[in-house]
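The block underneath contains the structure these notes are about, expressed in structure tokens.
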Amino acid sequence: MARKRAIKWNIMIARISILILLLTLLPDLYIYRRYLRWRFDLTLWMRLLWWVPGAAMIACTAAYSMMRNFAPDNLTLFNVYLFMLGLLIVPKVVFTLSSLAGLAVKRLLKLRTNWGNHIGLVLVLGWFYVLFMGTMVGPDQLHVKRVTLEFDSLPKAFDGYRIVQLSDMHLGSMKQEFAQRMVAQVNELHPDAILFTGDLQNMRPQELVRHAPTLVHLHPVDGIFSVLGNHDYADYVKTATAEQKRSMERMTRSFEASLNWDLLLNERRILRRGADSIVIAGTENDGRPPFPCKADYRKALHGISPESFVIMMQHDPSAWRRHILPQCTAQLTLSGHTHGGQLSLFGWRPTSLVNSEDAGLYSEGKRFLFVSTGVGGFLPFRFHMKPEIVEITLKVKK
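In the working numbering, the protein residues as written are 1 to 398.
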């Protein structure tokens with residue numbers, strides 16, 4: 001099994017590398033032959049200079065393709081590489097596609113001007129705006145999203161109960177100043193409980209240690225409950241053996257315990273207010289391949305009455321329709337995982353292509369799913385998809 005997964009991983013990396021190679025070479029070749037080849041005022045060195053950025057990107061891509069892990073330990077250099085892809089390669093691809101489309105229209109309609117060139121330049125300028133705002137501004141725009149949900153089945157003692165949902169911190173990429181601001185904003189809300197819906201780390205538990213002095217200052221009334229996300233199983237450390245991955249997972253669990261977080265591994269906790277109670281249940285990641293699938297809903301809700309009010313924590317929102325709706329009676333499910341694609345263009349998110357429920361609130365009858373777009377991300381990029389702290393107020397339906 002491990003060998004098959006390694007082969008699949010190598011095939012995927014090879015495909016991505018070949019794609020980047022083609023997206024680097026073909027636009028460079030098109031633009032050079034179409035617009036630079038006949039420029040007699042360009043010296044040989046100036047012509048050679050045109051190929052230098054592409055050659056550098058190909059060399060970096062080749063170097064990263066030989067890595068066996070999902071990403072290097074030094075994420076700063078990797079992020080610079082990705083930024084340079086966006087700065088040097090994507091604009092040329094956009095312009096080339098627009099120019100080729102314009103060329104086809106020009107020949108078909110026998111126009112004198114290739115309007116695709118002009119449109120391409122406008123699109124490139126738009127992309128530069130997205131790249132700048134997404135990297136320099138978006139990741140720091142932390143905000144609080146407030147949601148009020150009404151339930152017939154909510155016990156009266158919990159009317160007005162306030163939950164803060166945090167998700168997808170990816171602490172390996174998070175700046176300490178941002179983490180401190182996040183904790184301060186959460187504490188200002190004075191929540192009854194904090195529910196963390198997974199992906200505390202990028203790859204390894206060693207990333208978490210520097211943030212411990214900050215996270216320990218979260219103090220909700222009823223405690224902090226958490227579940228594991230796909231990144232928390234150290235599954236992206238491809239060079240690690242199965243035992244090493246299990247060891248790293250245990251370290252992640254121990255870290256959460258050191259913060260006094262109550263990690264729910266197919267478990268539940270009962271919160272009481274006098275004679276009334278609600279159930280906080282948490283399951284391990286329930287993803288579609290290649291993501292881990294370790295959830296056990298029957299175990300998590302063993303002994304819980306079907307009439308009980310249940311809040312289910314599950315990192316992957318796709319599990320809501322696949323397993324939670326048909327197998328559980330949970331009135332509210334909280335998820336993360338998608339980050340909302342970290343990009344929204346006129347309301348469209350790339351994650352909506354693969355997840356019908358990828359950001360925000362969804363309902364099925366009297367049951368709800370809320371998908372947080374998270375506070376962090378493996379890549380420090382967000383455009384019109386702000387990192388969010390979610391405050392959910394539970395109300396008894398009148």
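For every residue, glycine included, the Cβ atom is placed at its ideal position computed from N, Cα and C.
Here DSSP, grouped into helix, strand and coil, assigns Phe-370 to strand. Taking every protein chain shown into account, the CB of Gly-347 has fewer than 16 other CB atoms within 10 angstroms, so this residue is exposed. For Phe-381, the secondary structure class from DSSP, reduced to helix, strand or coil, is coil. Per DSSP, the unbroken beta strand (DSSP E) holding Arg-162 starts and ends at 161-166. With a contact defined as Cβ atoms closer than 8 Å, Ala-300 and Glu-267 qualify at about 6 Å.
Residue pairing by DSSP places Met-313 opposite Gly-282, Leu-334 in a beta bridge. One Cα belongs to Met-136, the other to Phe-178, and the distance between them is close to 14 Å. Your pair His-315 and Val-227 checks out as a contact, with CB atoms roughly 6 Å apart and the cut at 8 Å.
Note that the region 99-112 does not touch the region 40-49; fewer than 3 beta-carbon pairs, one per stretch, sit closer than 8 Å. Per the C-alpha coordinates, the member of Pro-387, Arg-382, Asn-202, Val-396 positioned closest to Leu-131 is Arg-382. Assignment of Asp-232 by DSSP, reduced to helix, strand and coil, places it in the helix class.
Arg-367 is positioned such that its CB atom lies no closer than 8 Å to that of Gln-342. Collapsing the DSSP output to three states places Asp-296 in coil. The beta carbon of Thr-393 sits closer than 6 Å to those of Thr-148, Arg-162, all from its chain and outside the five residues before and after it, given in chain order. The Cβ atoms of Cys-328 and Tyr-362 lie no closer than 8 Å to each other. Spanning the alpha carbons of Met-46 and Leu-25 requires a straight line of approximately 18 Å. Rounded to the nearest angstrom, the Cβ distance from Asn-79 to Leu-379 is 7 Å, consistent with a contact under 8 Å. Of all alpha-carbon atoms in Leu-263, Arg-204, Phe-255, the one lying nearest the alpha-carbon of Lys-238 is that of Arg-204. Counted as a single uninterrupted DSSP element, the beta strand (DSSP E) harbouring Val-147 occupies residues 143-151.
Proximity to Glu-388 across Gly-126, Phe-370, Lys-397, Val-396 peaks at Phe-370, based on C-alpha coordinates. For secondary structure counted as the alpha helix (DSSP H) over 4 or more consecutive residues, the region 206-269 holds these complete runs in sequence order: 212-215, 242-258. Take the alpha-carbon of Val-183 and the one of Arg-321: they are about 32 Å apart. In this structure, His-384 sits away from Ser-352, with a CB-CB distance that is not shorter than 8 Å. Note that the C-beta distance between His-219 and Leu-171 is not below 8 Å. With 16 or more neighbouring CB atoms inside 10 Å of its own CB, Ala-359 falls in the buried class. Membership of Ser-363 in the beta strand (DSSP E) is indicated by the continuous run 360-364. In the DSSP secondary-structure assignment, Glu-177 is not bridged to any residue. Here the C-alpha atom of Met-66 lies approximately 50 Å from the C-alpha atom of Gly-303. Going by beta carbons, Ala-240 and Asp-286 fall outside the 8 Å limit. With a 10 Å radius around the Cβ and a threshold of 16 neighbouring Cβ atoms, Met-12 comes out exposed.
DSSP places Ile-392 inside the beta strand (DSSP E), whose first and last residues are 388-396. It is roughly 27 Å from the alpha-carbon of His-217 to the alpha-carbon of Val-310.
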